[in-house]
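Numbering (the numbering used here), first residue to last: 248 to 716.
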Ligand code: GLU
């Protein structure tokens with residue numbers, strides 16, 4: 248049997264991290280088994296589904312690299328199919344017309360509640376044939392009255408629900424629209440889904456869906472219901488915890504590899520291992536190692552993973568993602584060093600690509616002001632002579648390399664008989680605008696020699712102005 252899994256989001260908002268993790272598990276399982284991965288957009292709730300949300304889901308899946316091999320299918324394009332099966336069940340006596348109005352049903356349910364019973368449809372029209380000809384009706388599925396439904400959940404183990412707990416589900420509303428649970432059943436069957444990986448909020452639907460599958464003579468897939476994600480405060484993850492949309496993580500400067508690695512570990516483990524390349528995830532993943540308990544979000548860990556991937560992925564790959572952020576922050580990188588070379592020296596200083604860009608502007612553009620504190624401390628009158636001599640030596644370099652730059656700085660300090668810091672710090676502030684940068688030799692080497700010389704001029708002028716004021 249070849250494995251087919253699916254991700255079936257309802258397009259009522261962005262792709263959130265919980266959905267993305269479910270999608271990842273489903274995708275990984277298909278990949279690990281050499282199977283297919285279906286993307287199905289469950290847009291039957293026409294009022295809440297938006298085109299924008301559909302695009303956001305496709306964009307999020309694409310950014311994460313969770314590419315489907317079949318689909319995307321849209322449920323709204325498949326109403327005829329669902330209706331054919333509903334008609335078939337009606338003909339076979341496995342479904343029936345129900346003429347009860349919503350008001351009538353509510354009254355019955357209120358009575359049940361008063362008696363301390365569960366609110367449910369009591370099967371009023373199940374066996375009746377005295378159908379009125381002029382009243383609207385819904386179609387209900389004849390749930391078995393006896394016995395129980397059992398299934399083995401890959402995450403939660405054996406689950407059994409008595410049929411007496413389940414009432415007859417509406418499968419087509421009075422307005423003619425097939426209902427959610429029915430569409431899922433037909434799709435899972437027609438799309439050949441062998442493994443349903445989805446959120447635990449759907450676990451109550453599963454026994455109902457199994458009964459319908461069985462009535463249709465369809466095979467029952469295997470199930471894995473994934474637990475939810477909590478925020479770092481133990482509450483259900485929501486907007487109040489910051490980013491919950493996958494694309495927000497891109498905007499905040501995370502690499503898709505870091506997000507995937509983070510998400511896979513959020514509820515799945517393989518020994519103590521923390522770092523997993525996508526290929527490793529695929530080869531090690533199993534549905535049976537997914538944790539049953541809710542997982543708590545931990546931004547620090549995501550940051551740590553992101554830095555790891557910024558430092559270890561091929562530079563060209565990180566540069567592609569960084570490029571997006573340079574553009575996003577309006578930094579023109581056409582003139583200046585390669586983005587890759589900047590990442591090589593800056594990655595260890597930041598957690599995200601967004602921060603990386605914000606501390607790397609000086610490689611690509613002139614800055615207006617020096618950082619006030621750094622300037623106050625290091626661009627002082629005593630530093631002027633040091634800067635001027637360093638400038639002379641830097642300007643004289645024929646081959647602009649980190650090695651020669653280091654030599655020029657060393658020579659300046661030796662000649663002036665001052666410590667390296669007395670030359671290095673003013674120079675750092677002069678060229679980068681702040682007191683923080685990677686080692687000066689490699690930093691300056693990435694900036695054009697003429698620019699370095701001009702920036703020192705600016706710093707010297709700044710000191711002169713300070714002397715005169
Ligand atoms: N469309 C459902 C949701 O977004 C998922 C249904 C399923 O996976 O069966 O929650």
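We put the beta carbon where it would ideally sit given N, CA and C, even for glycine.
Contact belief for residue i with residue j at Cβ below 8 Å, rounded distance in angstroms
i, j, result
"residue 387", "residue 418", "7 Å"
"residue 263", "residue 493", "7 Å"
"residue 618", "residue 652", "About 22 Å; that fails the 8 Å criterion."
"residue 269", "residue 442", "12 Å between Cβ atoms; not a contact."
"residue 674", "residue 649", "Not quite, the Cβ-Cβ distance comes to about 14 Å (not below 8 Å), so this is no contact."
"residue 599", "residue 501", "6 Å"
"residue 333", "residue 468", "Residue 333 to residue 468, Cβ: 21 Å. No contact."
"residue 476", "residue 275", "Contact doesn't hold; Cβ gap of about 17 Å is too wide."
"residue 677", "residue 644", "Not confirmed; about 16 Å, so no contact."
"residue 406", "residue 400", "6 Å"
"residue 626", "residue 522", "Contact doesn't hold; Cβ gap of about 43 Å is too wide."
"residue 458", "residue 396", "6 Å"
"residue 546", "residue 479", "7 Å"
"residue 372", "residue 344", "7 Å"
Beta-carbon proximity list for residue i, same chain, < 6 Å, skipping 5 on both sides
i, result
"residue 219", "Coverage of the chain is limited to positions 248 through 716, which leaves residue 219 absent and any answer about it impossible."
"residue 614", "680"
"residue 261", "303, 492"
"residue 603", "593, 597"
"residue 439", "251"
"residue 647", "696"
"residue 549", "509"
"residue 421", "383, 385"
"residue 656", "670"
"residue 552", "505, 508, 509"
"residue 611", "578, 580, 583"
"residue 352", "none"
Spatial distance of residue i from residue j (CA atoms)
i, j, result
"residue 322", "residue 289", "5 Å"
"residue 398", "residue 453", "9 Å"
"residue 301", "residue 273", "19 Å"
"residue 609", "residue 574", "15 Å"
"residue 669", "residue 536", "57 Å"
"residue 267", "residue 471", "15 Å"
"residue 591", "residue 665", "31 Å"
"residue 505", "residue 431", "32 Å"
"residue 579", "residue 565", "17 Å"
"residue 554", "residue 622", "29 Å"
"residue 256", "residue 447", "14 Å"
"residue 556", "residue 310", "16 Å"
"residue 517", "residue 531", "7 Å"
"residue 473", "residue 327", "31 Å"
"residue 527", "residue 402", "21 Å"
"residue 583", "residue 544", "38 Å"
"residue 589", "residue 693", "8 Å"
"residue 576", "residue 671", "29 Å"
"residue 339", "residue 462", "10 Å"
"residue 639", "residue 690", "18 Å"
"residue 374", "residue 346", "12 Å"
"residue 684", "residue 607", "9 Å"
"residue 408", "residue 568", "48 Å"
"residue 317", "residue 534", "21 Å"
"residue 410", "residue 481", "35 Å"
"residue 365", "residue 357", "10 Å"
Residues near residue i in its chain [Cβ-Cβ closer than 7 Å; skip 5 each side]
i, result
"residue 707", "631, 634, 635"
"residue 355", "369"
"residue 416", "387, 388, 390, 428, 455"
"residue 464", "none"
"residue 435", "443, 468"
"residue 562", "587, 590, 591"
"residue 329", "425, 429, 430, 433"
"residue 539", "402, 403, 474"
"residue 699", "641, 678, 691"
Cβ-based neighbour list, residue i, same chain, cut-off 8 Å, excluding 5 preceding and 5 following
i, result
"residue 319", "286, 287, 288, 305"
"residue 259", "292, 295, 296, 297, 300"
task = For the stretch 422-466, list the beta strand (DSSP E) runs that are entirely contained and at least 3 residues long, ordered along the chain.
result = Here the runs fully enclosed are 442-446.
Subject >> Runs of alpha helix (DSSP H) wholly within the stretch 293-345 (minimum 4 residues, chain order) >> reply: You should have 298-311, 326-338.
TODO: Output the residue ranges of the beta strand (DSSP E) runs that lie fully inside the stretch 589-653 and measure 3 residues or longer, sorted by chain position.
DONE: Fully enclosed beta strand (DSSP E) runs of 3 or longer: not present.
**Q.** Sequence ranges, alpha helix (DSSP H) only - wholly within the stretch 481-518, length at least 4
**A.** Listed in chain order, the alpha helix (DSSP H) runs fully inside the stretch 481-518 are 493-498, 503-512, counting runs of at least 4 residues.
Just to confirm the assignment: which complete alpha helix (DSSP H) runs, minimum length 4, are found wholly within the stretch 516-597? 525-531, 546-559, 562-575, 586-593, all fully within the stretch 516-597.
In chain order, which continuous runs of the beta strand (DSSP E) of length 3 or greater are located wholly inside the stretch 353-390? With a minimum length of 3 residues, the continuous beta strand (DSSP E) runs that stay inside the stretch 353-390 are 385-388.
Run through the stretch 253-280 for me and flag every whole alpha helix (DSSP H) of 4 or more residues, listed as ranges in chain order.
If we require 4 residues or more, the alpha helix (DSSP H) runs fully inside the stretch 253-280 come out as 264-279.
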